[in-house]
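Undergrad: In my numbering, the protein residues as written are 47 to 173. Cβ atoms here follow ideal geometry from the backbone N, Cα and C, with glycine treated the same way. For clarity, every value in this text was computed on a predicted model and none was experimentally measured.
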Amino acid sequence: MASKRGFTLIELIVTMAVSGIFFTQAMNMFSTANGSFVSYKKAHEEYFEYNVKKAKANRMLLDNTGSCQENGEFHFTGDSADSLDMEFPFPQPKCKDVDRKRTLVYFLGATDSTSKEIVGYSHFYLK
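(1) Just checking residue 137 against the ligand MG - is the residue's beta carbon closer than 8 Å to any of the ligand's heavy atoms?
(2) Hey, which unbroken runs of the alpha helix (DSSP H) at 4 residues or more fall wholly within the stretch 82-133?
(3) Name the DSSP bridge partner or partners of residue 148?
(4) Work out the CA separation of residue 69 and residue 62 for me, nearest whole Å.
(5) Per the DSSP calculation, residue 142 is bridged to which residue(s)?
(6) Quick one: using the 10 Å Cβ neighbour count with 16 as the cut-off for buried, is residue 72 buried or exposed?
(7) State the CB to CB distance for the pair residue 138 and residue 119, rounded to an integer number of angstroms; the pair is presumed to be in contact (CB under 8 Å).
(8) According to DSSP, simplified to helix, strand and coil, what is residue 136?
(9) Can you say whether residue 103 is buried or exposed, counting buried as having 16 or more other CB atoms within 10 angstroms of its CB?
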């Protein structure tokens with residue numbers, strides 16, 4: 047009797063079943079890792095985006111003149127006041143005169159309509 051070479055059908059089916067289980071586990075681990083990376087990236091993206099807005103707001107307050115209105119809203123004054131009010135990175139900031147030399151400019155809320163995070167921002171504006 048001649049010896050047969052090759053694999054039996056049972057051996058091939060068992061090998062495919064075991065490799066299918068391993069591939070399923072690998073894909074599950076990959077999708078979990080990918081999902082956590084995306085959520086990590088999104089959380090940190092909002093953090094860095096907020097810091098960029100905060101730095102821009104601070105620079106605008108340092109470089110331009112403004113005043114605290116009677117209704118408690120802060121508005122820039124001067125030649126480019128309208129464009130500065132529109133460019134300010136936070137929605138309409140509030141203000142409060144602390145003393146004769148300083149005004150507290152602040153904002154509390156969502157930075158835009160798509161953000162779910164409530165952020166706070168404050169800066170002492172020197173008159």
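TA: Concretely, from the data shown:
(1) In the structure on display, the ligand MG does not appear, and there are no ligands present to speak of.
(2) 127-133
(3) Note: residue 148 sits in a beta bridge opposite 172.
(4) For residue 62 and residue 69, the distance between alpha carbons rounds to 10 Å.
(5) 150
(6) Only exposed fits residue 72, as fewer than 16 other CB atoms lie within 10 angstroms of its CB.
(7) 6 Å
(8) coil
(9) buried
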